[in-house]
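Asker: Listed in order, the protein sequences are those of chains L and P. Just so we're aligned: the first sequence equals residues 1 to 141 in the numbering used here. Just so we're aligned: the second sequence equals residues 1001 to 1141 in the numbering used here. Beta carbons: idealized from backbone N, C-alpha and C, even for Gly. Note that this is a predicted model, so its numbers are computed, not measured.
Number of protein chains: 2
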Amino acid sequence: MTVTSGPTAGASKVEHTLYDFVDSYDRAYEAAAASQQLSVAQACVLVRLDQRRGMSSLATELGCDASNITQIVARLESRGFVTRHADPADGRARLIDRTPDGDAVSAGFDSAFEFAREAMKRLSAEEQDHLTALLRKALGG
Amino acid sequence: MTVTSGPTAGASKVEHTLYDFVDSYDRAYEAAAASQQLSVAQACVLVRLDQRRGMSSLATELGCDASNITQIVARLESRGFVTRHADPADGRARLIDRTPDGDAVSAGFDSAFEFAREAMKRLSAEEQDHLTALLRKALGG
DNA sequence: TATTGTTATACTCTATAACTATA
DNA sequence: TATAGTTATAGAGTATAACAATA
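Right under this line is the structure:
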């Protein structure tokens, strides 16, 4: 049940369509993570480690508590997908690196998560541009 | 971290936009649930109980195991938001009803989850129709 | 004093397996 | 035998609070 929404009672047609799209996207993401034996949370962290980075920046970007990241990174480390190193510039900080095994799993996830790619194949370049513009406008500022 | 994705390395502009939209939608859903002291899973179940229904249909619709629904419904019941009744037509089945308190919380959630509503206010009727058509086409069959 | 990260704790979500009751 | 639901269990996600080390 990673999938969230469900259209409200009085929702309009476009709102139902938005829900269907988000629902499909989320389910595809979960399936792609599962194909690599990853939880959604683990996949979220792993794919963001294409460059070495610290714990707190991950927590900020993912909108969760730092202690949560500590746990997820610990599980990824125990499976050999990441390593932790002291930051020479700040004795408090830790820098996380993805290992070659982690790179492979992350790449496997990227290959498996084909939802957006497949969906956009059904649209022409002009339609993609129009969709981008409409969604940007809908998102506002 | 209900939010899932994160754009892939080689993702196109429209794919980034899709991610931004899904990300915003999911975060807004989570915030609306939290505003009613509900988890995302609890909100998913509660909003689907506008009519009396059985456990297995919820599990099927939400794509999770029946034992999971048992737990979530039990928590909702302990907070007075739903009740369970025997199904007179099938001695094995249970029918779940939302209580008046549950109705109020569900309505509170609907009011708080204004993401899709607010986003569509930024588009004209024609733009909404066009967006619907594009997303439907992108979703395919 | 403030920040980075960890540990301890508690609760929720989730699936699997075993079970009861009913169809 | 098959289905609806529960219970027991275990692992994972999550936040809060308390803590150590460093800035």
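1. Mind listing the chain P neighbours of Q128/L? Cutoff is C-beta to C-beta under 7 Å, in chain order.
2. Label T1132/P either buried or exposed according to how many other C-beta atoms from any shown protein chain fall within 10 Å of its C-beta, with 16 as the threshold for buried.
3. Quick test of the definition: if touching needs 3 or more C-beta pairs under 8 Å, does the region 121-138 of chain L touch the region 1114-1132 of chain P?
4. Rounded to whole angstroms, what's the CA-CA distance from E151/L to L49/L? Just pull it up for me.
5. So with CB distances below 8 Å, who are the chain L contacts of A1138/P?
6. Confirm the yes/no value for this check: CB of L1135/P, any heavy atom of the ligand FMN, distance under 7 Å.
7. Under a CB-based cut-off of 8 Å, is L76/L close to chain P?
8. Starting from the beta carbon of A1086/P, find every residue of chain L whose beta carbon is closer than 9 Å, and list them in chain order.
9. Have a look at the DSSP bridge pairing and note the partners of H85/L.
10. Helix, strand or coil for G1102/P? Go by DSSP, reduced to three states.
11. Compute the Euclidean distance between the alpha carbons of S1124/P and G102/L, then round it to the nearest angstrom.
12. Since T17/L meets chain P, which of its residues come closer than 7 Å, beta carbon to beta carbon?
13. Helix, strand or coil, according to DSSP, for G1010/P in the structure here?
14. So what does D90/L bridge to, in DSSP terms?
15. Note down the Cα distance separating H1085/P from M1055/P, rounded to an integer number of angstroms.
16. Run through chain L and tell me which residues come within less than 7 Å of S1024/P, C-beta to C-beta.
17. For R53/L, name the three-state secondary structure that DSSP assigns.
Answerer: Taking the coordinates as given:
1. V1014
2. buried
3. yes
4. With chain L running from 1 to 141 in the structure shown, residue 151/L is simply not present.
5. F21, A119, M120, R122, L123, L131
6. By its list of ligands, the structure shown contains no ligand whatsoever, and the ligand FMN lies outside what it can speak to.
7. no
8. Correct list: empty, because the minimum Cβ distance to chain L is about 26 Å.
9. L95/L
10. helix
11. 45 Å
12. T1132, L1135, R1136
13. coil
14. D87/L
15. 11 Å
16. L139
17. strand
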